[in-house]
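Under my numbering, read the sequence shown as residues 241 to 681, first letter to last.
For glycine and all other residues, C-beta sits at the position ideal for the given N, C-alpha and C.
All figures in this text were calculated on a predicted structure; none of them were measured in a lab.
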Amino acid sequence: MLRQVMQKVSKVFNRGLMRKDSSKKAEDLDVDNDFDPENDELPLSTRENILGRRDSRFIMADSFELRREFPGLDIKPRLIFDHPSIEQLSEAIVNLPKADVEPAVSEGTSTRLGGSTGESSAYVSRFTQLTEYVASDAVTTVSYETTGMDDVFIRSSDGMECVLIPAACARIGDDGKFEGGDNEGPSHEVNLESFLMDIEPVSVGAYARFLSMVHPSQEQLLDWCILPEEDERCCHIPIMRAESGDGWQVKSGVPVSWPMILVSWYGANAYALWAHGEDWSQYKSAVSSFLPTEAQWEYGARGANPARFPWGNTDASEELLNVCWDASVYEGVSHVATPLTELPLVSVNVQMGVSPFGLRGMAGNVWQWCRDTYHENFYLSSDASAPNAWNSEAGDAKSERGGSWVGGPQLARSSYRRGRIPEAKGRCLGFRCCAPSTRLA
């Protein structure tokens, strides 16, 4: 077994090195022969220090590739740093306990409009978000529980796993290298303090629980997540008043682990404030917000150095993210004609759009609201390069990132940015939370 593991580990690291500099294309190699651990023609030998050949950004990408090679094992970058050779790392992987992940049929694959039905190669991680409303529940002091992993914590208010993203001088934006538009440049550096980011978007189940706990007024509901009766999209609102008359619930047939959709910036900000024990009634202000800034979001998506997608510069594929692959599917077709339960969404805990930090859904599935006021020329200002930069100016629109099931993969590039009015609610629009690391104290 160890030899088989070593062969796969050798494949991950040597393929990465050979892609950078080799007369032999890594994609053409035969894994059963060319990546043999005993092959002394490989750039990296079994006992050589990996850290001497791969910097931290590549190590994060390598950990993602290792998780793909060893489904069911929760392989973090820390494991590579602690066991920095193919031989040592392989022995550590052999001794890893089976994680709470299992192969699953991706909801998006079986329900994608115009897509094929079948088992997906994606895997589903454990779903920790709290979705059951208990009348005695109350959010007062919010704490973070350890998970046994140095960089992952669970927020007490809603059960969300949060990843500690290290401080860095991150390169933000794109000067055209990755087909970026004018609003993505100029590329610039931003010094970011460490922060906590939700490992996945907030789910419909968690949002229904939130509504049940805070009892918003009808005016607030219309601000957040409810549409006027005449809006034809009402049929796609994924939550409803509980049948008992007390609180809210997810509609029948909708997975509680789907991302919350049709939620405005106001509704996202209200949840984020509540989840961190702050006054959620101040949801129209970004002054004390727990949504990620554009800079935090982009760094969390691709790491400190520029890359086209969370997994690097390789092309997008159906195994990596949930987007619209065939725009002709929607020609002459109204989304309203599609039943709610058949919208081409995937659950938030599906391993798609995974970033170097292990964040899920950082490309595709649903757009995600950011804290910033959106301005297409913000990157031209000196404020864009300030420490912990974000656009705090007043404006008509809020930023959104990540792409979705409606658009193509080019919209899911990590530097792609656009904005909508904060009142906007979309069937492809969700959110995740973010908080300073000082919250761990």
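Where does T613 fall in DSSP's three states? Mapped onto the sequence shown, residue 613 falls at position 373. In the structure shown, T613 sits in a strand (DSSP, three-state: E or B).
With distance defined between alpha-carbon atoms, name the residue in W537, A652 and S497 nearest to A448. The sequence position of residue 448 within the sequence shown is 208, counting from 1. With respect to the C-alpha of A448, the residue from W537, A652 and S497 having the closest C-alpha is S497.
Suppose contacts are defined by Cβ-Cβ distances below 9 Å. Is E440 in contact with M400 by that definition? Sequence index remark: in the sequence shown, residue 440 carries index 200 (1-based). Sequence index remark: in the sequence shown, residue 400 carries index 160 (1-based). Yes; because the gap between Cβ atoms is below 9 Å, this pair is in contact.
Per DSSP, what are the beta-bridge partners of C402 in this structure? As a first step, residue 402 must be located in the sequence shown, where it is residue number 162. Answer is F393 and D438, bridged to C402.
Beta-carbon within less than 6 Å of R307's beta-carbon, same chain only, minus the 5 sequence neighbours each way: which residues are those? Working through the sequence shown from its first residue, we reach residue 307 at position 67. I315.
Leaving out the 5 sequence neighbours to the left and right, which residues in its chain are closer than 8 Å to Y384 when beta-carbon positions are compared? Here the question's residue 384 lines up with position 144 in the sequence shown. Excluding sequence neighbours, Y384 sits near F393, I394, R395, S396, C402, L436, R679 and L680.
Under DSSP, the alpha helix (DSSP H) around G507 begins and ends at which residues? Residue 507 sits at position 267 when you count from the first residue of the sequence shown. G507 -> alpha helix (DSSP H) spans W505 to A515.
Can you grab the Cα-Cα spacing for the pair G425 / A482, in whole Å? For the purposes of this step, residue 425 is identified with residue 185 of the sequence shown, where counting begins at 1. For the purposes of this step, residue 482 is identified with residue 242 of the sequence shown, where counting begins at 1. Straight-line Cα distance between these residues: approximately 47 Å.
Taking the C-alpha atoms as reference points, what is the distance between G507 and L329? Mapped onto the sequence shown, residue 507 falls at position 267. Mapped onto the sequence shown, residue 329 falls at position 89. Distance between the alpha carbons of G507 and L329: 44 Å.
Quick check on the DSSP output: the beta strand (DSSP E) that includes P676 runs from which residue to which? Residue numbering aside, residue 676 sits at position 436 when the sequence shown is read from its first letter. Residues C674 to P676.
Could you check where the beta strand (DSSP E) with E640 kicks off and where it finishes? The residue you call residue 640 lines up with position 400 of the sequence shown. E640 -> beta strand (DSSP E) spans K638 to R641.
Nearest candidate by alpha-carbon position, reference S443, set I326, E558 and L502: Indexing the sequence shown from 1 puts residue 443 at position 203. Per the Cα distances, L502.
Tell me whether T386 sits in a helix, a strand or coil according to DSSP, three-state version. By 1-based counting over the sequence shown, the position of residue 386 is 146. The answer is strand: DSSP assigns T386 an E or B state.
Using only alpha-carbon positions, find the residue among N545, S285, K665 and Q591 that is nearest to S655. On the sequence shown, position 415 is the one that residue 655 refers to. Checking every option, the nearest Cα to that of S655 belongs to N545.
With which residues is N562 paired in a DSSP beta bridge? By one-based count along the sequence shown, residue 562 stands at place 322. In DSSP, N562 forms a bridge with G604.
Per DSSP, P499 forms a beta bridge with which residues? What you label residue 499 is simply residue 259 of the sequence shown in a count that begins at 1. Per DSSP, S443.
C-beta contact flag for A603 and A556 at 9 Å: The sequence position of residue 603 within the sequence shown is 363, counting from 1. The sequence position of residue 556 within the sequence shown is 316, counting from 1. Yes, they are a contact pair.
If you draw a straight line from the alpha carbon of G416 to that of G543, how long is it in whole angstroms? Your numbering for residue 416 matches position 176 in the sequence shown. Your numbering for residue 543 matches position 303 in the sequence shown. G416 and G543: Cα-Cα distance of roughly 18 Å.
Just confirm the distance between the C-beta atoms of N589 and F367, as a whole number of angstroms; I'd bet it's less than 8 Å. The count along the sequence shown starts at 1 and reaches residue 589 at position 349. The count along the sequence shown starts at 1 and reaches residue 367 at position 127. Yes, they are in contact, since the Cβ atoms of N589 and F367 sit about 5 Å apart, within 8 Å.
N- and C-terminal bounds of the beta strand (DSSP E) containing I412: Reading the sequence shown from its first residue, position 172 is the one you call residue 412. Segment A408 to I412, the beta strand (DSSP E) holding I412.
Rounded C-beta distance between A637 and F530? I'm assuming under 8 Å. On the sequence shown, residue 637 is found 397 positions in, with the first residue counted as 1. On the sequence shown, residue 530 is found 290 positions in, with the first residue counted as 1. About 20 Å separates the two Cβ atoms, so there is no contact after all.
Look up Y523 in the DSSP assignment and say whether it is helix, strand or coil. Within the sequence shown, numbered from 1, the residue matching residue 523 stands at position 283. Looking at Y523 - three-state DSSP - the assignment turns out to be coil, as it is neither helix nor strand.
Note the first and the last residue of the continuous alpha helix (DSSP H) segment covering G540. Position 300 of the sequence shown holds residue 540. G540 -> alpha helix (DSSP H) spans E534 to R542.
Classify V245: buried if its beta carbon has 16 or more other beta carbons within 10 angstroms, exposed otherwise. On the sequence shown, residue 245 is found 5 positions in, with the first residue counted as 1. Buried: at least 16 other Cβ atoms inside 10 Å.
Secondary structure of R658, DSSP reduced to three states: Within the sequence shown, the letter at position 418 stands for residue 658. Three-state DSSP puts R658 in a strand.
Inter-residue CB distance, Y691 and M258 (contact presumed, cutoff 8 Å): In the structure as shown, the chain begins at 241 and stops at 681. Residue 691 is therefore absent and cannot be evaluated.
Tell me whether G292 is buried or exposed, calling it buried when 16 or more other Cβ atoms sit within 10 Å of its Cβ. As a working mapping, residue 292 is identified with position 52 in the sequence shown. So G292 ends up on the exposed side.
Taking the C-alpha atoms as reference points, what is the distance between R255 and A541? Translated into the one-based positions of the sequence shown, residue 255 becomes position 15. Translated into the one-based positions of the sequence shown, residue 541 becomes position 301. Using only the alpha carbons, I get a separation of about 23 Å.
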